[in-house]
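Counted the way mature numbering (1 follows the signal peptide of the UniProt record, and there is no 0) counts, the sequence shown spans residues -19 to -1, 1 to 281. Positions of the beta carbon are idealized from the N, C-alpha and C atoms, including for glycine. Bear in mind the structure is a predicted one, so any value in this text is a computation, not a measurement.
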Amino acid sequence: MKVVFTLCLCLVLSSQARAVEVLTSIKPLQLIASAITEGTATPKLLLPPGSSPHDYALRPSDVRKIKNADLVIWVGPELEVFLAPLLASQEKSVALLSQLPAIEHAHHHDKHSLVIEDTEQDSHHHHHGSQDPHIWLDPHQAEAIAALIAKKLSQIDPQNYDRYQTNLAVFQAKLAKVDAKLAAQLAPLQGIGYFVFHDAYGHWERHYQLSSLGHFTVNPARAPGAKTVTRIHHALKQSKAVCVFAEPQFKPAVVSAVLRNTQARSGVLDPLATDISPSAEGYFRFMEQLAAAMTKCLLN
């Protein structure tokens, strides 16, 4: 009888001690979730580093991760279309675009914004329609994401309610400080024109009042066609753009072809936080990395 009682007690304690399994689709969401789960669990990441949510294909191991998770956090079918069939009707699914209030979805384009697409090559262009799903790039939306994660975790793991609320308060306080610091850092960049290779930064640009002139859509692995290069060179010279921002997946030859014989500099922005380690401080390091990359190129 004593043995049976001890075994039952161990099973109960084991069940109580099991950490909630949180799975996020992309690294930036993992960074935000890590701040909320600090001291209770380590959120897992679905997409491997360097993978794009725009064209990812699920593997059997990914399906198992989703099945085993207690909470799956993703932006929504507007970004991770590959997840929609699997998560559309699951209670564990947290599709942020449909659950966050008052998101300004429109891309950060004005009437002077220029879009050049390489029609001579497979440009890997991703159309989001009128919605901009890169919501984690807006600090205000990041705060809303953190609050929603804390709410969901508190519902499925009420034993750690106080911990989640404390972590949320810490995240909000630190976010306010970092946001204010970056606003001051980026203020001198307002009015300095630049282009990007990926139409992903509208939320960031709107929040910090930055001056994107438009975007070039080219294949990250192959230099664009001659006609496209000519159009880009003309745009760079006419606009007197200071910088063109690529992303880590773009090969140097592609960037060189675009910038050759122009005065524009090149920089690298990483909207997926590829090299940022998940931790309670990770999202802030991510923001600081983006701001540093923009400052270096635009004020060099």
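As assigned by DSSP and simplified to three states, the class of S15: helix
What number of angstroms, rounded off, separates the C-alpha of Q11 from the C-alpha of E61? 15 Å
Measuring CA to CA, which of D113, A16, G206 and A181 is closest to E59? D113
Just how far apart, CA to CA, sit L271 and P201? 20 Å
Quick one: is Q122 buried, meaning 16 or more other Cβ sit within 10 Å of its Cβ, or exposed? buried
Taking Cβ to Cβ, would you say V236 is nearer than 8 Å to L134? no
Mind reading off the beta-carbon distance from R144 to G20? Whole number of angstroms is fine, and I expect it under 8 Å. 6 Å
Give the straight-line distance between the Cα atoms of A216 and L167, rounded to the nearest whole angstrom. 24 Å
For L156 and G57, the rounded distance between their alpha carbons: 24 Å
Three-state secondary structure (DSSP) of H179: coil
Measuring alpha carbon to alpha carbon, tell me which residue in S220, A38 and A22 is nearest N141. A22
Please list, in chain order, all residues of the same chain as A204 whose beta carbon is under 6 Å from its beta carbon, the five residues on each side excluded. A234, V235 and A238
Where T211 falls, given that 16 or more other Cβ within 10 Å makes a residue buried: exposed
Excluding five sequence neighbours on each side, which residues of the same chain lie with their C-beta closer than 7 Å to the C-beta of N49? E2
Sorted by chain position, which residues of the same chain lie with C-beta nearer than 6 Å to G172's C-beta, five sequence neighbours on each side aside? S192
Go ahead and pull the three-state DSSP assignment for K277. helix
For S74, report the span of its beta strand (DSSP E) as first-last. S74 to A76
Kindly indicate the opening and closing residues of the beta strand (DSSP E) around H196. S193 to T198
What ranges does the alpha helix (DSSP H) occupy inside the stretch 212 to 245, keeping only unbroken runs of at least 4 residues that lie completely in it? 233 to 240
Output the distance between the C-alpha atoms of Y189 and H179, rounded to the nearest integer angstrom. 18 Å
Bounding residues of the alpha helix (DSSP H) (the contiguous stretch that carries L149): Y142 to L167
DSSP beta-bridge partners for T5? L26 and I54
Is G263 helix, strand or coil by DSSP? helix
Less than 8 Å between the CB atoms is what I'm expecting for A222 and G174, so what's the real figure, rounded? 5 Å
What whole-angstrom Cβ distance do S42 and P259 have, given they're in contact under 8 Å? Incorrect: roughly 19 Å between the Cβ atoms, too far for contact.
In terms of DSSP beta bridges, what is I126 paired with? In the DSSP output, where bridge partners are listed per residue, I126 has none listed.
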